[in-house]
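In what follows, a single structure is set out as structure tokens and then discussed.
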Amino acid sequence: MAKLDSKVPAGPVAEKWSKHKSEIKVVSPANKRKLDVIIIGTGLGGASAAASLGELGYNVKVFCISDSPRRAHSIAAQGGINAAKNYQNDNDSVYRLFYDTIKGGDYRAREANVYRLAEVSNLIIDQCVAQGVPFAREYGGLLDNRSFGGAQVSRTFYARGQTGQQLLLGAYAALNRQIAKGSVKSFPRHEILDIVIVDGKARGVIARNLVTGEIERHGAHAVVMATGGYGNVFFLSTNAMNSNGSVAWQAYKKGAFFANPCFTQIHPTCIPVHGTQQSKLTLMSESLRNDGRIWVPKKKEDVEALRAHTKKPSQIAEEDRDYYLERRYPAFGNLVPRDVASRAAKERCDAGFGVNETGLAVFLDFKTAIERLGKDVIKARYGNLFQMYEKITDTDPYKEPMMIYPAVHYTMGGIWVDYNLMTTIPGLYAIGEANFSDHGANRLGASALMQGLADGYFVLPYTIGDYLSHEIQSPKVDTNTPEFEAAEKAVKERIEKLFSIKGNQSVDDIHKKLGHVMWDMVGMARTKESLEKAIVEIQKIRKEFWADVRVPGKNDEFNQEIEKALRLADFLELGELMARDALGRNESCGGHFREEYQTPEGEAQRDDENYAYVAVWEYNGADAEPTLHKEELKFEAIKVAQRNYKD
Amino acid sequence: MNLTLKIWRQKDAKSQGKFEEYKVQNISPDSSFLEMLDILNNDLIMSGKEPIAFDHDCREGICGMCSLHINGHAHGPDSEITTCQLHMRKFKDGDTITIEPWRSAAFPVIKDLVVDRSAYDKILQAGGFISVNTGGVPDANAIPIPKADADESMDAAACIGCGACAATCKNGSAMLFVAARVSSLAKLPQGKVEGARRAKAMVAKMDELGFGNCTNTGACEAECPKAIPSRTSPASTASSSTLSSRTKSRTLTQTTEPRFLGSVVYIDN
Ligand SMILES: Cc1cc2nc3c(=O)[nH]c(=O)nc-3n(C[C@H](O)[C@H](O)[C@H](O)COP(=O)(O)OP(=O)(O)OC[C@H]3O[C@@H](n4cnc5c(N)ncnc54)[C@H](O)[C@@H]3O)c2cc1C
Ligand code: SF4
Ligand code: FES
Chain A
0 MAKLDSKVPA GPVAEKWSKH KSEIKVVSPA NKRKLDVIII GTGLGGASAA ASLGELGYNV
60 KVFCISDSPR RAHSIAAQGG INAAKNYQND NDSVYRLFYD TIKGGDYRAR EANVYRLAEV
120 SNLIIDQCVA QGVPFAREYG GLLDNRSFGG AQVSRTFYAR GQTGQQLLLG AYAALNRQIA
180 KGSVKSFPRH EILDIVIVDG KARGVIARNL VTGEIERHGA HAVVMATGGY GNVFFLSTNA
240 MNSNGSVAWQ AYKKGAFFAN PCFTQIHPTC IPVHGTQQSK LTLMSESLRN DGRIWVPKKK
300 EDVEALRAHT KKPSQIAEED RDYYLERRYP AFGNLVPRDV ASRAAKERCD AGFGVNETGL
360 AVFLDFKTAI ERLGKDVIKA RYGNLFQMYE KITDTDPYKE PMMIYPAVHY TMGGIWVDYN
420 LMTTIPGLYA IGEANFSDHG ANRLGASALM QGLADGYFVL PYTIGDYLSH EIQSPKVDTN
480 TPEFEAAEKA VKERIEKLFS IKGNQSVDDI HKKLGHVMWD MVGMARTKES LEKAIVEIQK
540 IRKEFWADVR VPGKNDEFNQ EIEKALRLAD FLELGELMAR DALGRNESCG GHFREEYQTP
600 EGEAQRDDEN YAYVAVWEYN GADAEPTLHK EELKFEAIKV AQRNYKD
Chain B
0 MNLTLKIWRQ KDAKSQGKFE EYKVQNISPD SSFLEMLDIL NNDLIMSGKE PIAFDHDCRE
60 GICGMCSLHI NGHAHGPDSE ITTCQLHMRK FKDGDTITIE PWRSAAFPVI KDLVVDRSAY
120 DKILQAGGFI SVNTGGVPDA NAIPIPKADA DESMDAAACI GCGACAATCK NGSAMLFVAA
180 RVSSLAKLPQ GKVEGARRAK AMVAKMDELG FGNCTNTGAC EAECPKAIPS RTSPASTASS
240 STLSSRTKSR TLTQTTEPRF LGSVVYIDN
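Quick note, the sequences are listed as chains A and B, same order.
Take the first sequence: its letter number 436 is residue 435 in numbering that gives the first Met the number 0, and every next letter is one higher.
Take the second sequence: its letter number 37 is residue 36 in numbering that gives the first Met the number 0, and every next letter is one higher.
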């Protein structure tokens, strides 16, 4: 236990952050110039942190996989960003946002971090508006809001269906300004393959230049990982193709602890899988649930007719439709949290009411909304999403309902961090989706963007100063040391090994196998048996990978197959830890649903007495079992209760 | 579906490239264009050949990472979408499809279909931002902004920086991309403050990086996956000449219809 010190400040939850800020150290401008910081990732977390640290005067190096920082996965976020502004006068407050987030996370998040998140949320909106983010506005010229799942107030700010894009362009613009000033140096098309530890502290990284294949060393006084989530372990997910868990995994192997790896979010509204040639899944934003109603037919004969294409959904009478979310959860209706909506869809499809040929789809219908508001209003709200849907499926959602099904979307689990967002490796920080801290077992919609920007603009720039204030005497990090040499050598050997296998399966072939195991056995519904089996299966696939993968070409060139192979090698280990973590948690909470633990109505059954903790894993070497540490969760400002979205 | 593909292969920036022909079979019409290339690549890998390098990431039309000239069109034959959103049902069984990288002096080829678009980052670094630091800004509702202005700003802000505009332009001009950013910020009170300086700096950088001059062919607008309009309504000839002298784009002064200028120049109001 001694190893896990969350460093949560004492005092009432509402005062912790201001008190902490006034107590931690700062670095003088003259000293900041002498300190180097590496930031891995340019999503909302990384871009906002890099820009802010550059403004403060640190020397920043920022890395990303894509050809421009602007293309980070955050760009794809559609629906919106939460803040406790209470602009709608619907009695929202910092406390209510905090409460909704803790409850939505099924009481598995750290209270102090979540409160701080809610507290700084308002600053984010101010900041983005000042940067020129064109949020949606009312006719009076003030900002507009919409509602998201798990909330009864309207606190979500949005820019059409492109909120992530606009927020990221804001952060990227701030970053560009620093790049032009010379305080930040950008390294696009670079992939970090290892973290270098010197005397117990994070002191740099090993990077692969993706254009030339060159392996590079970069040193710094602190390293920040803002590398996003690891949902692609499932092969099919809504994540961008290059999203990966590799930096998190390499950090774990170097001593950073991994928290709640099994907490995965399955998003209820994605376009269903079309076939085996599919490469990724497309999200239809949760904001659609503001106006869309989810249903399946009540009668099996209608289901048959739909599957045989002898009936169109619009031909099914109102009284023959089962709006099952409105039926089961009258108080929240279509706006229940994601985990609840996903399981309810699975329940109907498992019962034989799935509406397409595969039986794995339900309807999201805008008929009522179009009748009530008119097509133009719906178009103004969701135009680009409707267009996206039509391009992919060839169906016009203004005329027939959308078909949707749950898909892997977000990982609440991640690298364990303390209140300062530092990992268990001194000098290594994790921000954004890459860390575990704020969303417990289920993230509410529009809260990931909030967290990424909160961490990068308003938390890390303060807390990292406290650490760096002790580093002002440290000289520039020398990369010609045995530690850097050893790390570089290990990376090169890993790469050479992969090329040398020359097997008979492509990286994608093996990734698909892993994906199937993860989805079937570590997915939406898990059991002791399925998880035990998954562990064995994943080990088998891992062996297969190292014996039979084929990576064409060579290292010193632009080579996308070696990039994918390195990422898959890490997923093949991470997947096993996810299964292990899920197996150890004998309860259901949020996105983690163990079939053995449910209420008679089929709701998740938490076990607060035994599992009100963060499961924190420590690596013990390739052949040893990891050690489980527990961070007990204490709730002081909130009364823990069974989640109830019925009344 | 069975298809013949003519694909540009080029080892690296220094090598000469050439077209090579490939066949793909049993492609589902519901597959995306990039999924079709995935299948080809898997076949190539299995038969001991080098897969085709192409850029992609989000595969839903928002990151701007994918590119490709398909049968002579940037982002393929369908309108208002990116290559990653193109689906095979837009083609016919038996078709021959030609696939090339962006062709533009400012976007050198890295390998096969992958090009270097860092010039676009550099243009934005020259001034595509509002100079505010983190913290210490006014309340988000302190300055009301007419809905119409916010909407127009958003229209322009939808640009994904894909490079199709410069790649399509016979002059290799990046004007649509520049105008999108400039006018998006200029529509907002926050952005007006530095408007003139921003436009000047970005246009100067564009010239410096070797992008050509805009002669209003409108080709970029036709191929832009986000339908970024090349003109916005209120523009004056007076101000267009101001800008054109900055861009050294003489032809622009003559046009009575100030296309890109319309949007770029708006900041002078
Ligand atoms: C389709 C979709 C829609 C969403 N919509 C919403 C929404 O409406 N509201 C909301 O709040 N949340 C939404 N989310 C979730 C949210 O977008 C993400 O959780 C969030 O953007 C993550 O931001 P990040 O900065 O942590 O990481 P990311 O944006 O994932 O960025 C990761 C960065 O790390 C870099 N990187 C990764 N590995 C390496 C490496 N090895 N070396 C170098 N660089 C590396 C990447 O290149 C990238 O720059 C959505 C997610 C998806 C998939
Ligand atoms: S203006 Fe259009 S074509 Fe040009 S970069 Fe932007 S989105 Fe692409
Ligand atoms: S891959 Fe992102 S826009 Fe095409």
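Where is the CB? At the ideal position from N, CA and C, for every residue including glycine.
Nearest CB-CB separation between F331(A) and chain B: not below the 8 angstroms threshold.
Contact annotation: A135(A) and V476(A) have beta-carbon atoms that are not nearer than 8 angstroms. The residue among C168(B), L67(B), H55(B) and G126(B) with its C-alpha nearest the C-alpha of I98(B) is L67(B). Note: Y404(A) is bridge-paired with C269(A) in the DSSP secondary-structure output. Within chain B, the residues E59 have their CB atoms less than 7 angstroms from the CB of T281(A), given in chain order. Listed along chain A, no residue sits closer than 8 angstroms to L39(B) by beta-carbon distance, the nearest being about 11 angstroms off.
For R371(A), the secondary structure class from DSSP, reduced to helix, strand or coil, is helix. Within chain A, no C-beta atom comes nearer than 9 angstroms to that of D92(B); the closest sits roughly 16 angstroms away.
Closest in alpha carbon position to K553(A), among K539(A), G212(A) and G431(A), is G212(A). For G203(A), the enclosing beta strand (DSSP E) has its first and last residue at K200 to N208. Membership of L305(A) in any beta strand (DSSP E) is not indicated; the residue belongs instead to the alpha helix (DSSP H) covering K299 to R306. Interface flag for H72(B) against chain A is unset, since no Cβ pair is found closer than 8 angstroms. In this structure, P68(A) and A46(A) form a Cβ contact; the two beta carbons are roughly 6 angstroms apart against a cut-off of 8 angstroms.
Contact of I414(A) with chain B by beta-carbon distance below 7 angstroms is absent, the smallest such distance being about 23 angstroms. Minimum Cα-Cα distance from G583(A) among the listed residues T394(A), K527(A) and F233(A) corresponds to K527(A). Nearest CB-CB separation between A139(B) and chain A: below the 8 angstroms threshold. Distance between T626(A) and Y618(A), taken at the CA atoms: about 7 angstroms. Remark: the C-beta of G162(B) is in contact range of ligand 2, defined as less than 7 angstroms to any heavy atom. Our two residues, D54(B) and E370(A), have alpha carbons roughly 42 angstroms apart in a direct line.
Collapsing the DSSP output to three states places W101(B) in coil.
Under the Cβ criterion of 8 angstroms, V210(A) is counted among the residues facing chain B. Residue burial annotation: G78(A) is buried, with at least 16 other C-beta atoms found within 10 angstroms of its C-beta. Annotated as proximal: V615(A) and A258(A), with beta-carbon spacing under 8 angstroms. At a Cβ-Cβ threshold of 8 angstroms, A433(A) and T226(A) count as neighbours. Cα atoms of V335(A) and G126(B): separation of roughly 43 angstroms, rounded to the nearest angstrom. With respect to the 8 angstroms criterion, I37(A) and V210(A) are not classified as neighbours on the basis of their beta carbons. For the C-beta of L142(A), the chain B residues within less than 8 angstroms are, from N- to C-terminus, A139 and N140. The straight-line gap separating the alpha-carbon atoms of N170(B) and T394(A) is approximately 38 angstroms.
When C-alpha distances from D148(B) are compared across V152(A), R154(A), G149(A) and G139(A), the shortest belongs to G139(A). Taking all protein chains shown into account, P400(A) has 16 or more neighbouring C-beta atoms within 10 Å of its C-beta and is therefore buried. The CB of N419(A) never comes closer than 9 angstroms to any CB in chain B; the least such distance is about 18 angstroms. Residue environment analysis places R188(A) among the buried positions, since at least 16 neighbouring C-beta atoms fall within 10 angstroms of its C-beta. The DSSP-derived three-state label of W518(A) is helix.
By the Cβ neighbour-count rule, V202(B) is buried, with 16 or more other Cβ atoms within 10 Å of its own.
Between K48(B) and K110(B), the C-beta gap is not smaller than 8 angstroms, which leaves the two residues out of contact.
Checking the DSSP bridge columns, you'll see K17(B) partnered with R8(B).
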